[in-house]
Amino acid sequence: MPLTTPIDPPTRFTVTRTTDALWRVTFDNPPINLIDPTMIVELQGLLSEIERDDGPAVVVFDSADSDFFLAHYDVAADPSALDALPPAPTPFHHWANLLIRLTKSPAVTIAAIRGRARAAGSELALATDVRFASRERAVLGQFEVAFAAAPGGGPSARLPGIVGRGRALEILLGGEDFDGELAERYGYVNRALPDSELDEFVDAFAARVSRFDRLAVADVKRFVNAASLPDDDALAAEMDAFAAALARPATPALLERAFTHGFQTRSDVEFNLGAWVGELIAEPTTPTSG
Amino acid sequence: MPLTTPIDPPTRFTVTRTTDALWRVTFDNPPINLIDPTMIVELQGLLSEIERDDGPAVVVFDSADSDFFLAHYDVAADPSALDALPPAPTPFHHWANLLIRLTKSPAVTIAAIRGRARAAGSELALATDVRFASRERAVLGQFEVAFAAAPGGGPSARLPGIVGRGRALEILLGGEDFDGELAERYGYVNRALPDSELDEFVDAFAARVSRFDRLAVADVKRFVNAASLPDDDALAAEMDAFAAALARPATPALLERAFTHGFQTRSDVEFNLGAWVGELIAEPTTPTSG
Amino acid sequence: MPLTTPIDPPTRFTVTRTTDALWRVTFDNPPINLIDPTMIVELQGLLSEIERDDGPAVVVFDSADSDFFLAHYDVAADPSALDALPPAPTPFHHWANLLIRLTKSPAVTIAAIRGRARAAGSELALATDVRFASRERAVLGQFEVAFAAAPGGGPSARLPGIVGRGRALEILLGGEDFDGELAERYGYVNRALPDSELDEFVDAFAARVSRFDRLAVADVKRFVNAASLPDDDALAAEMDAFAAALARPATPALLERAFTHGFQTRSDVEFNLGAWVGELIAEPTTPTSG
């Protein structure tokens, strides 16, 4: 009976079942909460549990690391773990598939963002239903353009319906960091709360929603999804473009340079990545593809 | 000549013809401005007048009760008054039909929100063109989910295009009260004004627009409607789901409990309904349908 | 070799090539930066240069006049300069065509708004990708409705996806001025900055984006355009309605009256046009078309 076989405990996050109806998923993948193939596979397993008839009504995503909600995708990781999943056009498409599935989850998903949520980390937040952020500690951004790549996990399709066309273009083309306060002003997050109040606020909201009728919640999500979710085709096209960028010379060369400066480690580069990537292309030896 | 027969004066609101071009509709249905079948029938009659060639250019909706703009739908009311209207799939669909007609009105409609505008009251506000709110006294919300029902009057289709997907889901799934200031930050209302300035501000805006050319105003509404109104089918589907919820056991049982605590009276429950419904489901005897 | 023939230097704006990748277009058409047929022809020539393979990555639009970014269209101008362009249904449609082309430009376009950007001036800003405004000195608005015309350059189709349906209707039906602070609150501009910081902020953002990979930038624009640009047909319909208004009696009569008060000169009327047009229709001799 495969559907009821307990899956292995996840290694990239913990799942706390506060009640049957309310689960908390805490990302915990030191040193900086990179998203890697194993995390994608484990999140697909989690979604299978969430989608069960006795699954939770509400799932909160937070982080064990107050500096990093989810740093970004681990571009150095061995993709072989993804072989456990149904085939996809490229390894990267597994990420888009996961996010598409997440947006259609029967559960209400809430991102409680403390620390950095950049690139794929921002994309996961944008694929949840509701985003609350720490005013002092949240940092959101999509820095991919600085690595000569369009983001692949859907933000170009999702952001215009969340923050409007002009702010979407600024976020995606500037590749800068947005702190909690500015993210709220733009609508990038629902609300930024004082860091000392974020947990209590999220807990109260999540507990409240978890007590509501499941059919009513599912109806609301279905109607709002119909009014606001982008087509799967649009999301696949974004990932095609991201994968194509990775196959051009510019992106790997830029990544290589970034690694020599501490990219993907708990370094100043990762703490201040939005500012740092603004200088990345300026160095004279940068290859260009354009 | 039925089209020119004067209709009976409405009993649920008053109509003040400030000028031929500017009408004010003041909801006045004590004790808390519930929306009932008679109000729906009277509002349909009002729309017939508005749609006449010599109808007004601008209609302001406000309330005679500074605590309640429109409390919500009167679920205890005898629906027989609705028999005066063309047939609809259920009594509730008359409400959706009214709001669809309101959004397509040739007149510019303005909601001046002071007091509570919850559930169907919020839905009416969302079906007007422009929403101004009292910063201190306005309260908006969609609490239906706490009664095990998805809202039926269109907010799941309308809110994503007004406040964005994430904030729409928070409003609809949390079922909480939004005060004037937060409603403005979210875009739920155009603007929240100090209570002492609201009337003068709305009057000036309405008078100004009422002096503008009718063809130009109609062109603008037509183009903005084409760019932003949801399909009628999407709105009908929401009302189907609402009616289905009312036919399940959970919603009537929750309503019955609420009535014992003062629901639909001028009570603490109605004053603080957003907070109160958060505890409604938590009681152990609550039936669930999920 | 027509493609490489240098075009005549523009007379309505200057083009500063800060780098090959970053151009600055400074509107300079005294006395108040009206948009006229010659400016439209020159902007079409500019777009041809921008669209060349060696065109810029980023184009900033600003103004030599700190009181007027772009006042509005010069309704008194001889349209014959437009004969240089491919045929269009009416002279006005050349403006819509220009804006449609601008939104699809391969370059990232940034409006740095200081001074008044009303009617067609606002429309140009709305057709750029990113809008930054002076908090103290920017003024945006669409006053056409006060002249008995629906705006023709796309704002009815664009604004709902930028500021939401309710705020779009307020902007278009009220015809009032929006200062920088309110424009930011509504999302009409991305951000309003203190006037003393605007230039440095825009320069830094533009220079940063101009260093990024051209293919990545083009991918992002393509995806965001697919998710957020209105159909060309919707934009053409708006211009049809604007041209029809100009052919009715009301609009020319209102314009004639405005000219006697200083319209299109560096006058109090132009400085405070949003307020002034609110009184325009109230005069008893105004013809009406409705």
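Chains as they are written, first to last, in numbering that gives the first Met the number 0: chain A, 0 to 289; chain B, 0 to 289; chain C, 0 to 289.
Glycine included, each C-beta is placed from N, C-alpha and C at the ideal position.
These figures come from a predicted structure and were not determined experimentally.
Please report the Cβ distance between B/G186 and C/G44, rounded to the nearest whole angstrom; I am assuming they are in contact, meaning their Cβ atoms lie under 8 Å. As a working mapping, residue 186 of chain B is identified with position 187 in the second sequence. As a working mapping, residue 44 of chain C is identified with position 45 in the third sequence. In fact, because the Cβ distance is near 39 Å, the residues do not count as touching under 8 Å.
Establish whether the CB of A/G179 and some CB of chain B are separated by less than 8 Å. Walking along the first sequence from the start, residue 179 of chain A turns up at place 180. No, A/G179 does not count as interfacial toward chain B.
Between B/R256, B/A95 and B/L139, which has its C-alpha nearest B/E237's C-alpha? Taking the first residue of the second sequence as 1, we reach residue 237 of chain B at position 238. Residue B/A95 is the option with its Cα nearest to B/E237.
Interface residues of chain B facing A/F204 [CB-CB closer than 7 Å]: Locating residue 204 of chain A in the first sequence gives position 205, where the first residue counts as 1. Per Cβ cutoff of 7 Å: G173.
Status (buried if at least 16 other CB within 10 Å, exposed otherwise) for B/R16: As a first step, residue 16 of chain B must be located in the second sequence, where it is residue number 17. Per the 10 Å Cβ criterion, exposed.
Cβ shell of C/L84 (< 7 Å), same chain only, five flanking positions each side left out: Numbered from its first residue, the third sequence carries residue 84 of chain C at position 85. Taking C-beta separations shorter than 7 Å and ignoring five residues to either side along the sequence, the partners of C/L84 in its chain run V40, Q43 and H93, following chain order.
Which class does B/D307 belong to by DSSP, given the choice of helix, strand or coil? Because chain B spans 0 through 289 in this model, residue 307 of chain B falls outside it and cannot be assessed.
How long is the line joining the alpha carbons of C/L192 and B/A257, rounded to whole angstroms? If you number the third sequence from 1, residue 192 of chain C lands on position 193. If you number the second sequence from 1, residue 257 of chain B lands on position 258. Answer to the nearest angstrom: the Cα atoms are 49 Å apart.
What residue ranges within the segment 160-218 of chain A form continuous beta strand (DSSP E) runs of no fewer than 3 residues, ordered along the chain? For the beta strand (DSSP E) assignment, the uninterrupted runs of no fewer than 3 residues enclosed by the segment 160-218 of chain A are, from N- to C-terminal side, 190-192.
Does the CB of B/G273 have a neighbour CB from chain A at under 8 Å? Within the second sequence, the letter at position 274 stands for residue 273 of chain B. The C-beta of B/G273 comes no closer than 8 Å to any C-beta of chain A.
Report yes or no: is there a C-beta of chain C within less than 8 Å of the C-beta of B/V144? If you number the second sequence from 1, residue 144 of chain B lands on position 145. Not one chain C Cβ lies under 8 Å of B/V144.
Counterpart residues of B/T15 in DSSP-defined beta bridges: As a working mapping, residue 15 of chain B is identified with position 16 in the second sequence. Beta-bridge partners of B/T15 (DSSP): B/R23.
Going by DSSP, which residues form a beta bridge with A/S133? Here residue 133 of chain A refers to the residue found at position 134 of the first sequence. Its beta-bridge partners are A/L192.
Separation of C/A148 from C/L245, as counted between CA atoms: As a working note, residue 245 of chain C is residue 246 in the third sequence. As a working note, residue 148 of chain C is residue 149 in the third sequence. For C/L245 and C/A148, the distance between alpha carbons rounds to 7 Å.
Give a yes or no on whether the C-beta atoms belonging to C/D176 and C/G54 are separated by under 8 Å. The residue you call residue 176 of chain C lines up with position 177 of the third sequence. The residue you call residue 54 of chain C lines up with position 55 of the third sequence. Against a cut-off of 8 Å, the Cβ pair of C/G54 and C/D176 comes out as no contact.
Report the rounded CA-to-CA distance for A/V201 versus A/Q141, giving the unit in angstroms. As a position in the first sequence, residue 201 of chain A is number 202, starting the count at 1. As a position in the first sequence, residue 141 of chain A is number 142, starting the count at 1. About 24 Å.
B/D239 to B/A249, Cα distance in whole Å? Position 240 of the second sequence, counted from the first residue, corresponds to residue 239 of chain B. Position 250 of the second sequence, counted from the first residue, corresponds to residue 249 of chain B. Cα to Cα, the separation comes out at about 17 Å.
7 Å Cβ cut-off: residues of chain C touching B/A208: Counting from one through the second sequence, the residue named residue 208 of chain B turns up at place 209. Just to set this straight, residue 208 of chain B is Val in the shown sequence, not Ala. L172 and G173, listed in chain order.
Is C/T89 helix, strand or coil by DSSP? In the third sequence, counting from the first residue as 1, residue 89 of chain C sits at position 90. In this structure, C/T89 counts as coil in the three-state DSSP scheme.
Consult DSSP for B/L254 and reduce its assignment to one of helix, strand or coil. In the second sequence, the residue the question calls residue 254 of chain B occupies position 255. The answer is helix: DSSP assigns B/L254 an H, G or I state.
Chain B contacts from the segment 116-138 of chain A (Cβ-Cβ distance under 7 Å): D128, V129 and R130
Using only the alpha-carbon positions, how far apart do B/V208 and A/R117 sit? On the second sequence, position 209 is the one that residue 208 of chain B refers to. On the first sequence, position 118 is the one that residue 117 of chain A refers to. If you take the alpha carbons of B/V208 and A/R117, they lie about 45 Å apart.
With 8 Å set as the bound, which would you pick, yes or no: does the beta-carbon of B/S288 sit closer than that to a beta-carbon of chain A? As a position in the second sequence, residue 288 of chain B is number 289, starting the count at 1. Low confidence applies here, because B/S288 scores a pLDDT of 46, under 50, leaving its location unreliable; read the following figure in that light. Cβ-Cβ to chain A under 8 Å: yes for B/S288.
Spatial neighbours of A/L228 in its chain, beta-carbon cut-off 7 Å, leaving aside the 5 residues before and after: Position 229 of the first sequence, counted from the first residue, corresponds to residue 228 of chain A. Excluding positions up to five away in sequence, the list reads T102.
B/R157, enclosing alpha helix (DSSP H) - first and last residue: To locate residue 157 of chain B, count along the second sequence from 1; it is residue 158. First-last of the alpha helix (DSSP H) with B/R157: P154 to R157.
What three-state label does DSSP hand B/L69 in the structure shown? Taking the second sequence and counting its residues from 1, the one referred to as residue 69 of chain B is at position 70. DSSP, read as helix, strand or coil, puts B/L69 in strand.
With contact counted as at least three CB pairs below 8 Å, one residue from each stretch, are the segment 128-135 of chain B and the segment 121-138 of chain A in contact? Output reads no: the segment 121-138 of chain A does not touch the segment 128-135 of chain B.
Looking at chain C, is there any beta carbon in it that lies within less than 8 Å of the beta carbon of B/A156? For the purposes of this step, residue 156 of chain B is taken as residue 157 along the second sequence, with counting starting at 1. For B/A156, the answer is no, since every Cβ of chain C falls outside 8 Å of its Cβ.
For C/D82, does the three-state DSSP call read helix, strand or coil? To locate residue 82 of chain C, count along the third sequence from 1; it is residue 83. The answer is helix: DSSP assigns C/D82 an H, G or I state.
Considering only residues of the same chain and omitting the five flanking positions on each side of B/T285, which have a CB-CB separation below 6 Å? Here the question's residue 285 of chain B lines up with position 286 in the second sequence. Low local confidence applies: a pLDDT of 46 at B/T285 is under 50, so the model's placement there is unreliable, and no value is given.
Taking B/I34 as the reference, which of B/L181, B/S62 and B/D19 has the closest Cα? The residue given as residue 34 of chain B occupies position 35 in the second sequence. Closest by alpha carbon: B/S62.
From the beta carbon of B/G54, is the nearest beta carbon of chain A less than 8 Å away? Within the second sequence, the letter at position 55 stands for residue 54 of chain B. No, because no Cβ of chain A sits closer than 8 Å to the Cβ of B/G54.
Closer than 8 Å at the beta carbon, the chain A residues around C/I161: Numbered from its first residue, the third sequence carries residue 161 of chain C at position 162. Here the neighbours are G163, R164 and G165.
Neighbour flag for B/A225 against chain C, beta carbons, 8 Å: Walking along the second sequence from the start, residue 225 of chain B turns up at place 226. Closer than 8 Å: yes.
Assuming C/S306 and C/R113 are in contact, meaning their beta carbons sit under 8 Å apart, how far apart are those beta carbons, in whole angstroms? In the structure as shown, chain C starts at 0 and stops at 289, and residue 306 of chain C therefore has no counterpart that could be examined.
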